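Residue numbers (our numbering): 245 to 363. All C-beta atoms in this analysis are idealised placements derived from N, C-alpha and C, irrespective of residue type, glycine included. Since this is a predicted model, take the numbers as computed values, not measurements. Just below is one structure, and these are the notes that go with it.
And the structure:
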């Protein structure tokens, strides 16, 4: 199944788009089920009398706001994870530098101690 020019990045990108679509459909379904389960207040009933198109627009706006809220929460989680990853990278870099410093500092001592018996 070799396709010229197709890389793993193309496949990953396609899968990511598919996953995003599935998540969006799932969020729409969750919001739709939740909105049916809620009791309607009088303001919603009056809005329903104005016409179904207004109701559809209102529901679409509510859905968009809910999706935007969840995306914002996800973005915040990703930002926190990125900060943790960067901090971990800095920590590991310090450990590597310290180990290199110790190794370099220890190497001349070993060489000088090896030279002592030859004297």
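- Here the alpha carbons of residue 264 and residue 302 stand approximately 24 Å from one another.
- Note that the C-beta distance between residue 268 and residue 314 is not below 8 Å.
- Shown here, residue 264 sits in a helix according to DSSP, grouped into three states.
- Rounded to the nearest angstrom, the gap between the Cα atoms of residue 329 and residue 321 is 12 Å.
- In this structure, the CA atom of residue 312 is about 16 Å from the CA atom of residue 323.
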